[in-house]
Amino acid sequence: MTIRLASRLSRIKPSITLAVTQKAADLRAAGKDIISFGAGEPDFETPDHIKDAARKALVHGASKYPAVAGIPILRDAICKVTNEVHGLDVKPAQVLVSSGAKHSLFNLFLALLDPGDEVIVPAPYWVSYPEMVRLAGAEAVCLKAHADKGFALDPAELRAAITDKTRALILNSPSNPTGAVYDRKLLQEVADICVEKDILVISDDIYRQLIYGAEYVSIASLGPEIAKRTILIDGVSKAYAMTGWRIGWTVGPVELIKGMNMIQGQSTTGATHIAQIAAAQALIGDQGCVEEMRKSFDARRKRMVELLNQIDGVQCQEPKGAFYAFPDFSSFIGKKTPSGQSMSDDVALATYLVEQGVAVVPGSGFGCPGFVRLSYASSMEEIEKGLGWLKTALAALS
Ligand SMILES: Cc1ncc(COP(=O)(O)O)c(C=O)c1O
Numbered sequence: 001m002t003i004r005l006a007s008r009l010s011r012i013k014p015s016i017t018l019a020v021t022q023k024a025a026d027l028r029a030a031g032k033d034i035i036s037f038g039a040g041e042p043d044f045e046t047p048d049h050i051k052d053a054a055r056k057a058l059v060h061g062a063s064k065y066p067a068v069a070g071i072p073i074l075r076d077a078i079c080k081v082t083n084e085v086h087g088l089d090v091k092p093a094q095v096l097v098s099s100g101a102k103h104s105l106f107n108l109f110l111a112l113l114d115p116g117d118e119v120i121v122p123a124p125y126w127v128s129y130p131e132m133v134r135l136a137g138a139e140a141v142c143l144k145a146h147a148d149k150g151f152a153l154d155p156a157e158l159r160a161a162i163t164d165k166t167r168a169l170i171l172n173s174p175s176n177p178t179g180a181v182y183d184r185k186l187l188q189e190v191a192d193i194c195v196e197k198d199i200l201v202i203s204d205d206i207y208r209q210l211i212y213g214a215e216y217v218s219i220a221s222l223g224p225e226i227a228k229r230t231i232l233i234d235g236v237s238k239a240y241a242m243t244g245w246r247i248g249w250t251v252g253p254v255e256l257i258k259g260m261n262m263i264q265g266q267s268t269t270g271a272t273h274i275a276q277i278a279a280a281q282a283l284i285g286d287q288g289c290v291e292e293m294r295k296s297f298d299a300r301r302k303r304m305v306e307l308l309n310q311i312d313g314v315q316c317q318e319p320k321g322a323f324y325a326f327p328d329f330s331s332f333i334g335k336k337t338p339s340g341q342s343m344s345d346d347v348a349l350a351t352y353l354v355e356q357g358v359a360v361v362p363g364s365g366f367g368c369p370g371f372v373r374l375s376y377a378s379s380m381e382e383i384e385k386g387l388g389w390l391k392t393a394l395a396a397l398s
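Numbering of the sequence shown is given in this note's numbering, commencing with residue 1 and proceeding in unit increments.
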């Protein structure tokens with residue numbers, strides 16, 4: 001029997017990030033030595049004091065359904081952190097805890113968007129934004145951020161992209177994949193446009209604590225009018241090395257949170273109880289662990305960018321946040337391998353590179369063909385070794 005799949009599946013593509021990670025895993029399983037710069041997760045372990053909180057919670061019976069919106073101690077901690085970071089005065093009724101920030105975004109789009117609605121997605125973008133917007137039946141309108149302007153949005157181009165169907169703009173600063181961090185002046189201009197045009201801002205702050213020599217500016221802090229229109233997405237995955245615990249959250253207007261709560265209540269219910277207790281500990285506990293990991297990422301970032309820029313034909317800007325380098329590899333497109341295999345695009349190039357032992361993610365998955373993304377959330381030894389292999393593999397193209 002042939003299964004007829006829902007037509008909504010034809011609106012989305014599989015994640016290229018996961019495809020490269022899978023290819024690397026397959027080659028590794030076949031015995032090949034692979035260095036992966038593909039994954040979007042810290043290589044650190046979750047700090048011990050967070051694991052301990054989870055262990056204790058389990059002993060004390062945190063094994064029942066939690067409230068759909070999240071356990072009170074976590075929602076209180078989220079309010080405290082949000083109010084400190086964004087200069088707001090949010091209350092627990094404005095918070096919904098979900099199974100990771102990805103799940104928060106998914107609930108958000110389902111609660112917010114109707115067919116025909118448009119969401120502006122600056123490109124390069126995190127692979128899942130356009131697909132999730134499409135799954136909700138709406139249209140993702142990609143707005144190119146220019147590499148020669150540090151991948152910053154152009155306010156005039158933003159204004160021109162807004163139509164009467166535009167519901168929201170997605171902001172992701174620091175950005176996955178570019179590491180770009182938006183400065184105060186640009187954010188003020190963006191905020192003024194969004195207030196004037198009366199559209200929402202979805203601020204995905206998942207990398208906000210991983211910044212190097214730049215300032216994190218919250219768009220919600222730029223005045224009451226933009227604060228009213230800002231929906232904050234955040235979580236513990238990246239800053240606390242807690243990707244597998246699956247805890248993220250949304251902070252927004254009460255009526256939106258109620259709508260999202262209804263969707264979550266009819267689908268996944270509350271996020272894992274023990275993981276919520278661990279996430280609360282991450283937010284309430286000592287923040288020294290975040291600073292330690294940030295410093296380590298910073299050292300790796302500098303080394304990776306230095307090594308990339310030493311390769312002939314590669315240009316890499318200095319990322320100011322997150323844990324990704326996003327170099328321009330376009331000078332290799334059109335070249336051939338010694339065996340005559342053509343590098344017709346960045347996907348062919350990434351496929352060749354993983355076969356040479358180095359996994360990177362092609363930029364076209366992020367709406368930016370010709371570039372590749374390398375995660376520096378790997379050890380310094382792997383960075384040194386992998387970049388050496390990369391240099392050799394690229395030098396073999398002609
Ligand atoms: C920009 C961005 N937003 C959200 C997420 C989702 O994070 P979580 O692990 O909390 O679902 C990711 C994960 O890669 C990301 O890069």
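For each residue, glycine too, the CB sits at the ideal point set by N, CA and C.
What you are looking at is a predicted structure, and each value in this text was computed from that prediction instead of being measured.
Can you give me the C-alpha to C-alpha distance between residue i and residue j, rounded to a whole angstrom?
i: A350; j: A359; result: 7 Å
i: A53; j: L394; result: 47 Å
i: S218; j: G252; result: 14 Å
i: A156; j: D328; result: 25 Å
i: K197; j: E225; result: 12 Å
i: Q266; j: Q94; result: 19 Å
i: D154; j: A145; result: 7 Å
i: I202; j: L187; result: 13 Å
i: T2; j: D192; result: 52 Å
i: V121; j: G61; result: 43 Å
i: I306; j: G213; result: Sequence inspection shows Glu at residue 306; the Ile mentioned does not correspond to that position. Roughly 17 Å between the two C-alpha positions.
i: F297; j: Q209; result: 12 Å
i: C79; j: V347; result: 42 Å
i: V81; j: G235; result: 11 Å
i: R8; j: M304; result: 40 Å
i: L27; j: F37; result: 14 Å
i: V254; j: K23; result: 43 Å
i: S10; j: P362; result: 22 Å
i: V190; j: R300; result: 32 Å
i: Y182; j: G150; result: 9 Å
i: S330; j: Q264; result: 42 Å
i: K165; j: E381; result: 49 Å
i: A39; j: T392; result: 22 Å
i: A57; j: I277; result: 7 Å
i: K336; j: N83; result: 54 Å
Compute every distance between the C-beta of residue i and the non-hydrogen atoms of ligand 1, then say whether any falls below 7 Å.
i: G365; result: no
i: I206; result: yes
i: G213; result: no
i: N176; result: yes
i: A6; result: no
i: K102; result: yes
i: G313; result: no
i: T243; result: yes
i: G235; result: yes
i: N172; result: yes
i: G31; result: no
i: W249; result: no
i: G399; result: Any answer about residue 399 is impossible in this case: the structure gives the chain only from 1 up to 398.
i: W126; result: yes
i: G40; result: yes
Using a beta-carbon distance below 8 Å, is residue i in contact with chain D?
i: P174; result: Going by chain labels, chain D is absent from the structure shown, which holds only one protein chain.
Considering only the beta carbon of each residue, do residue i and residue j sit closer than 8 Å?
i: I231; j: L256; result: yes
i: C368; j: A123; result: yes
i: S63; j: H273; result: yes
i: E118; j: K13; result: no
i: S398; j: T250; result: no
i: G357; j: F332; result: no
i: Y399; j: F371; result: What the structure shows of the chain is the stretch from 1 to 398, and residue 399 is not part of that stretch, so it cannot be assessed.
i: I170; j: D205; result: no
i: I247; j: A275; result: yes
i: M260; j: L108; result: yes
i: I284; j: A77; result: yes
i: F326; j: R294; result: no
i: Q287; j: H49; result: no
i: R167; j: L110; result: no
i: A271; j: M242; result: no
i: K238; j: Y216; result: no
i: V290; j: Y240; result: yes
i: G386; j: I35; result: yes
i: L353; j: L308; result: no
i: Y129; j: T269; result: no
i: V141; j: A160; result: no
Touch check for the stretch 332-343 and the stretch 15-29: three-plus C-beta pairs under 8 Å?
no
Using a Cβ distance threshold of 8 Å, determine whether the stretch 176-188 contacts the stretch 318-326, with at least three qualifying pairs required.
yes
Cβ contact (3+ pairs, closer than 8 Å) linking the stretch 29-43 and the stretch 377-385
yes
Is it true that the stretch 83-91 meets the stretch 127-144, where meeting means three or more beta-carbon pairs spaced less than 8 Å apart?
no
Any contact of the stretch 96-113 with the stretch 56-76, i.e. 3+ C-beta pairs under 8 Å?
yes
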